[in-house]
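Worksheet: one structure, shown below.
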Amino acid sequence: MKLVRHRERVAARHRVKTDAALVRMVDDLGFCFAFTAESAYPVPAAFDHLDTRSEHRKWDWMWGWKDELAEAKRVYYGKLLVRKPTFVSMKMLPTFYATFGRAGEPDDHLDDVRAGRLSDIARRIIDFLAQNGETQTKRMRAALGISSPEGKADYAKAIEELQRLMYVARVRAVGEGREDYNYTYDLFVHRYPEVVRAAERMTSADAMSALLARLLELAGGVTERQVGKLFDWTDDRVTHLVTRLETQNALVRIEGALVLPTLG
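For what it's worth, the numbering used here labels the leading residue of the sequence shown as 3, then goes sequentially.
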């Protein structure tokens, strides 16, 4: 019951009718799903806080705001939490980037390529953007010689993975109508150099601990499995982080869940 009331209090803090209110919500939460919530993960979803009864108006608001606010760097928008569309506050963005423990160097991605975490198409996208800068996705696909349905599917998967690993960032929406609508992308280090610099002051362990602590503040309680799936962390890493926060009295274990001490 305490857990339910905690989540209700968090949810009740925001009713969004303007883009400025959406920014305030994301800044307050730190991160949230952009559209509807994922039932398996107790993280707020911005779409559920839009203050109108009109479903059409909700989609109209969110469809425009997600692009406009991200382009203006008022929020970050990309596929992060369980690889779903996610908003992150600009203050929290360096923490997300720091979890990867990278220095922002041109060859940072090579370790992930060698380890098989990045596909050959992903590597080619990084190399292309390093040479050409911000590019529309249709033009980039054409320049890389990707035209088949299978190739386009592999390209889309690579773009999604590069966003999740913060090698590539969506910059702006371009085009009108379903056929012409697409996005431009650039290397994350080109799009957000200030974020990369701020992340240098954090270790990956500190950054991960901060994200887990923030998740607990939002959810009240989670399982280790939820943490691992949400942030795509290994079981060993999650266990280490939980032990670390437990020794700092930042969480307690109750019936298999990780819970805020105030709710224990």
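Don't be surprised by glycine CBs; every beta carbon is placed ideally from N, CA and C.
Asked, Found
"Distance cut-off 8 Å: Trp67 Cβ against heavy atoms of the ligand HEM", "Absent from the structure shown: the ligand HEM. Ligands present: none."
"CB-CB length for His111 against Arg125, believed under 8 Å", "7 Å"
"Beta-carbon gap between Lys81 and Tyr194 smaller than 9 Å", "no"
"Nearest-angstrom Cα separation, counted from Ala252 out to Trp61", "38 Å"
"Option nearest Gly118 by Cα separation, candidates Pro44, Glu163, Pro96 and Tyr187", "Glu163"
"Reduced DSSP secondary structure (H/G/I, E/B, other) of Asp114", "helix"
"Residue range of the unbroken alpha helix (DSSP H) whose run includes Ile123", "Asp122 to Asn134"
"Reduced DSSP secondary structure (H/G/I, E/B, other) of Arg255", "strand"
"Any chain B beta carbon closer than 9 Å to Phe233", "The displayed structure is made up of one protein chain only, and chain B is not part of it."
"Coarse secondary structure for Arg17, derived from DSSP in three states", "coil"
"Beta-bridge partners of Asp62, as assigned by DSSP", "According to DSSP, which records beta bridges pairwise, Asp62 is partnered with nothing at all."
"Segment limits, beta strand (DSSP E) that includes Thr186", "Asn184 to Leu189"
"Beta-carbon spacing of Leu247, Gly223 below 9 Å", "no"
"Exposure label - Val77; buried when at least 16 CB within 10 Å", "buried"
"Rounded separation between Glu219 and Ala145 - CA only", "45 Å"
"6 Å Cβ shell around Arg143 - same chain, five flanking residues per side excluded", "Tyr157"
"Check whether Ala132 and Phe89 have beta carbons under 9 Å apart", "no"
"Trp63 to Thr249 span [Cα, whole Å]", "44 Å"
"Pick from Lys93, Arg59, Pro151 and Tyr43 that is closest to Asp234, judged by C-alpha positions", "Tyr43"
"Separation of Ser41 from Val115, as counted between CA atoms", "33 Å"
"Supposed close pair Leu262, Met210 - CB separation, criterion 8 Å", "With a Cβ gap of about 18 Å, Leu262 and Met210 do not count as contacting."
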